[in-house]
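Step one of this worksheet: look at the structure below.
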Amino acid sequence: MAQKFSNKIDITIHAPVMAVWQSLIDPAMIKQYFFGVDTIGDWQEGNTIIYQGEWQGKKFQGKGKVLQMEDEKILKHSYWSNMSGQPDESEFYHIITYQLKPNGDNTDLTLTEENLDSKEMKEKSAQLWNMIFNNLKKLLEKEVV
């Protein structure tokens with residue numbers, strides 16, 4: 021079996037856990053920080069979530085299933101994208117986990133992404149997640165009074 025890679029990205033956001041949680045599941049908010057992507061689906065365990073949009077001039081669609089959801093604590097889902105170059109088969113789905121922890125007036129948000137096929141994919145994905153998290157931080161901290 022080929023070696024698999026994973027990413028772990030941590031960020032502290034000056035916003036309450038409730039606001040950070042909402043930003044992970046609200047399609048209107050997701051669109052604001054996640055490259056304008058449209059999110060379709062109901063965030064309930066077992067449900068399918070679809071992401072669609074445009075990246076670098078190309079239309080894309082990503083999808084996955086909600087695997088675990090504990091309000092304001094953990095959100096875990098599978099994810100596959102037609103941009104990955106891999107077939108739409110379960111062995112090629114990434115597992116994405118968001119963990120939220122209150123930290124005073126802040127929220128510590130940790131993302132882990134598992135089942136990456138190569139070191140190159142790991143590095144590209146880490147760059148994208150850092151951009152997404154920086155966008156999220158700017159969005160939420162702008163809204164904090």
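If you use the numbering used here, the sequence shown corresponds to residues 21 to 165, in order.
Glycine included, each C-beta is placed from N, C-alpha and C at the ideal position.
Fully enclosed by the stretch 89 to 158, which beta strand (DSSP E) runs are 3 residues long or longer? Whole beta strand (DSSP E) segments, 3+ residues: 94 to 101, 114 to 123, 126 to 136.
Could you say which of D91, I152, E161 lies nearest to K51 if we only look at CA atoms? The shortest Cα separation from K51 among D91, I152, E161 belongs to I152.
Pick helix, strand or coil for E161, following the three-state DSSP scheme. Helix, per DSSP.
Take N126 as the anchor and find which of K24, S26, I31 has the nearest alpha-carbon. Put simply, of K24, S26, I31 the residue whose alpha carbon is nearest the alpha carbon of N126 is I31.
For Q88 versus E111, is the C-beta distance shorter than 8 Å? Cβ atoms of Q88 and E111: not closer than 8 Å.
Considering only their Cβ atoms, is the gap separating V40 from L131 smaller than 8 Å? No.
Can you name the residues that DSSP bridges to W75? Beta-bridge pairing links W75 to K78.
Using C-beta distances below 6 Å, list every residue in its chain close to K79, excluding the 5 sequence neighbours before and after it, in chain order. Residues of the same chain with a CB within less than 6 Å of the CB of K79, apart from the 5 flanking positions on each side, do not exist.
Other residues of its chain near T59: CB distance less than 6 Å, five sequence neighbours each side excluded: Cβ neighbours of T59 within its own chain (closer than 6 Å, five residues either side excluded): P47, I50, Y71.
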